[in-house]
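These protein sequence lines are chains A and B, in that order. Going left to right, the first sequence walks through residues 1 to 285 as this note's numbering numbers them. Going left to right, the second sequence walks through residues 1001 to 1160 as this note's numbering numbers them.
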Amino acid sequence: MNAIFSRGPLLGLRLFLAVLCSVGLMTVDRYTERSTQLRSFLTSVVSPLFYVASLPETLLSGATEQFMSHQRLLDENALLKESLLRQNGQLQLLGYLQQENTKLRALLGSAPLTDGQRLVAEVLAVYSHPFSHQVVLNKGKNDGVTVHQPLIDESGVVGQIVSIGPTSSRALLISDNTHAISVRAERTGIRTVAEGLGQWDLLRVIHLPQSADIRVGDRLLTSGLDGLFPEGYPVAEVSLVQKDESQPFMTIYATPYAKLDRIRHVLLLWQGVRTDDVLSPEEPK
Amino acid sequence: MRTSNGLGFIYLSLLVALVLTVMPMPQQVKLFRPDWALLVIMYWTMALPGRVNILTAFVLGFLTDVLVGTVLGVNALAFSVVSFIVAVNYLKIRNFSVIQQALLIGLFLALYHLLLFWLSHFLTGVYFLPAYLWPVLTGMLVWPWVFWLLRRYRRQFKIQ
C-alpha cells in the first residue's frame, strides 16, 4: 500500500486542483446570479439527510407526547382554549379596524393594504454555524413557495427564503450577517436598516445620524420599502444606543422579537392575494 | 490485498458524520458541537491514505457546505487542506500516542477554523467571536473516542 501511495507530487497536484475547484465554486456562489438555482438544486438533493437527522428528535417529542399525563393534557387544552378565546376577541376588533382603515385609505386615495396568503411550515433543521444562520423548512416548490418569500413567527419577522427544493426550502434568518432588512421606528417613524451580525439575539441598526430620535425600547417594524417584507410586522426592539460625537453615526443594537434560536413553526407570507385564512394548517402541537 | 475492500463502509461512516453535523440540538449544546465530518475524514486519511484523501475530503467538504449553508467551496477548501497535511504526514501521526494525536488534531482543527473564518470574512464579512473556537477543544476531547471507535469499526469489517 505504501508503494502505491508514496507519491508526494501527486498529492500536491490533487491539493492544487481541489483549491482551484473550491475557489471556482466560491466565485460562482458569491458573485454570479446562477447560485440561487444551483443552491435550490443542491438543497433538494440533500433534503433526505435533513429528514434522517431530525428523526431522533421527532421520535423523542412523539414519545413525550405519548407519555404525557391525562391531567396535563387537560390543563394544556384549557389554557389553549382560553388563549384562543382571547385572541378571537382581539381579531373581531381587528376586523373592524381593518375595514375602517380601508375606508380611510380609500378616502385619502392611497392604495389599500392587502392581506396575503399564509402557510404554516415546520422547521426541519436549524443550523447554528456562526457564519450562516439558516433554517430548513418542510415546504418547497410543490407547496408554492418562492425565493425571497418572507417568513414570520408568532412574535416577529424571522427571515426570507433563499433556495427551494421540491419538498423543502432554506431560509436565511434576519440575524445572518449577510442579511439586512429595512425597518421603521414605530414611535418616530424614522426609517433605517437593521443588519444581522451572526449572533442570535442581536441586530445592528446602521446609518442613523447623531441627531436621530431613537431610544432604548423603541419598536422597529418592517417598513415595506425593501419590496420583500410587507409593511408593519415587528422586527426588533432597540436594546442599546451609544452616542459618540466623534463618529458620523450612532451605534445602535436591537434584539429581534422572534426567538430565532428556538423556532419550531413559521408562517410563510404571500403578498397581494386577499384571503384571510391560513392555508392547510397543520395539526397543533 | 484485495481491491475495493469495504469502501461502502467508509462512505457509511462519512454519511453518519454528515447526519451528526446537521442533527438538531439545543442552542447551548450546538456551540460546542465537534466537527464530526472533519474528524472522520482525518481518521480515514491517516488510516488508509491510499483510499481516502484529498478528493474524498473535497467532496465531503462540499456536502458540508451544502448542508450547513456556508458559501459553497469554503468547507471544501479547508477540508482539502487539512486532509493534505494529514496525508503527507500520516506515517508520523500514526506513531504518536492517542493523547499526542489529540493535541495535533486540535492544531489541525484550529487551522481549519482559521481558514474557514478567514475565507468567510473575505467573502461575507463575518465578525470573529472567541466562542467560535469551542469546537477545537471539544474536537480534541472526542478524538480518542472517535479514533478508538473507528479503529474497531475498521477491524470489524476488515476495511483496507
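Think of the CB as a built atom: it goes at the ideal place given N, C-alpha and C, for glycine as much as any other residue. Just so we're clear, the structure is a prediction, and the values are computed from it rather than from any experiment.
- For glutamine 247/A, no chain B residue has a C-beta closer than 7 Å to its own C-beta; the minimum C-beta separation is roughly 18 Å.
- Between tryptophan 1143/B and glutamine 1101/B, the beta carbon gap of about 7 Å places them in contact (Cβ cut-off 8 Å).
- Per the DSSP secondary-structure output, glutamate 245/A pairs with nothing in a beta bridge.
- At a cut-off of 8 Å between beta-carbon atoms, glycine 198/A makes contact with chain B.
- Within the segment 107-188 of chain A, complete beta strand (DSSP E) segments of at least 3 residues are found at 118-127, 134-137, 150-152, 157-164, 169-173, 180-185, given in chain order.
- Within the segment 38-55 of chain A, contact with chain B at the beta-carbon level (separation under 7 Å) is assigned to Leu42, Val46, Leu49, Phe50, Val52, Ala53, Ser54.
- The beta carbon of serine 1120/B falls within 8 Å of a beta carbon belonging to chain A, placing the residue at that interface.
- The beta-carbon of leucine 1018/B is placed less than 8 Å from the nearest beta-carbon of chain A.
- Listed in chain order, the beta strand (DSSP E) runs fully inside the segment 199-254 of chain A are 203-206, 219-222, 234-242, counting runs of at least 3 residues.
- Those residues of the segment 130-163 of chain A placed with their C-beta closer than 7 Å to a C-beta in chain B are Pro130, Phe131, Ser132, Gln134, ordered along the chain.
- In this structure valine 157/A is in contact with alanine 258/A, their Cβ atoms being roughly 6 Å apart against a cut-off of 8 Å.
- In this structure, the straight-line span from the alpha carbon of glycine 159/A to that of alanine 1057/B is close to 32 Å.
- Taking 8 Å as the upper bound for CB-CB distance, alanine 1087/B and asparagine 1053/B are in contact here, some 5 Å apart.
- Exposure of tyrosine 31/A is indicated by the presence of fewer than 16 other C-beta atoms within 10 angstroms of its C-beta.
- Taking CB atoms only, glutamine 1027/B has a neighbour in chain A less than 8 Å away.
- Judged by their CB atoms, valine 241/A and arginine 215/A are nearer to each other than the 8 Å cut-off.
- Counting only the Cα atoms, serine 182/A lies some 27 Å from serine 168/A.
- Residues of the same chain with a CB within less than 6 Å of the CB of arginine 187/A, apart from the 5 flanking positions on each side, are Asp218 in chain order.
- Any Cβ of chain A closer than 8 Å to the Cβ of proline 1135/B would place that residue at the interface, and such an atom is absent.
- Membership of alanine 194/A in the beta strand (DSSP E) is indicated by the continuous run 191-196.
- Nearest to methionine 1042/B by alpha-carbon distance, out of Tyr1127/B, Leu1014/B, Gly1073/B, Leu1119/B, is Leu1014/B.
- Going by C-alpha positions, tyrosine 1132/B is about 37 Å away from lysine 1158/B.
- Shown here, proline 56/A sits in a helix according to DSSP, grouped into three states.
- Contact between the segment 1031-1042 of chain B and the segment 1066-1084 of chain B is present: 3 or more CB-CB pairs across the two stretches fall below 8 Å.
- The beta-carbon of tyrosine 1127/B is placed less than 8 Å from the nearest beta-carbon of chain A.
- With a threshold of 8 Å between beta carbons, valine 1074/B makes contact with chain A.
- Neighbourhood of alanine 18/A in chain B, by CB distance below 9 Å: Ile1054, Leu1055, Ala1057, Phe1058, Gly1061, Ala1076, Leu1077, Phe1079, Ser1080, Val1081, Ser1083, Phe1084, in chain order.
- One alpha carbon belongs to phenylalanine 50/A, the other to leucine 10/A, and they sit about 36 Å apart.
- At a beta-carbon threshold of 8 Å, the residues of chain A lying near tyrosine 1132/B are Pro130, ordered along the chain.
- Counting the other Cβ atoms within 10 Å of the Cβ of histidine 1113/B gives 16 or more, which makes it buried.
- At a cut-off of 4 residues, the continuous stretches assigned as alpha helix (DSSP H) that sit fully inside the segment 60-112 of chain A are 70-108.
- Scanning chain B for C-beta atoms nearer than 8 Å to the C-beta of valine 205/A yields nothing, as the closest lies near 16 Å away.
- For valine 126/A, a Cβ of chain B is located within less than 8 Å of the residue's own Cβ.
- Contacts between methionine 1042/B and chain A, judged by CB atoms closer than 7 Å, are missing: the closest CB pair is about 15 Å apart.
- Of all C-beta pairs linking the segment 1065-1076 of chain B to the segment 29-49 of chain A, three or more are shorter than 8 Å, placing the two stretches in contact.
- Among the CB atoms of chain A, one or more fall inside 8 Å of the CB of threonine 1070/B.
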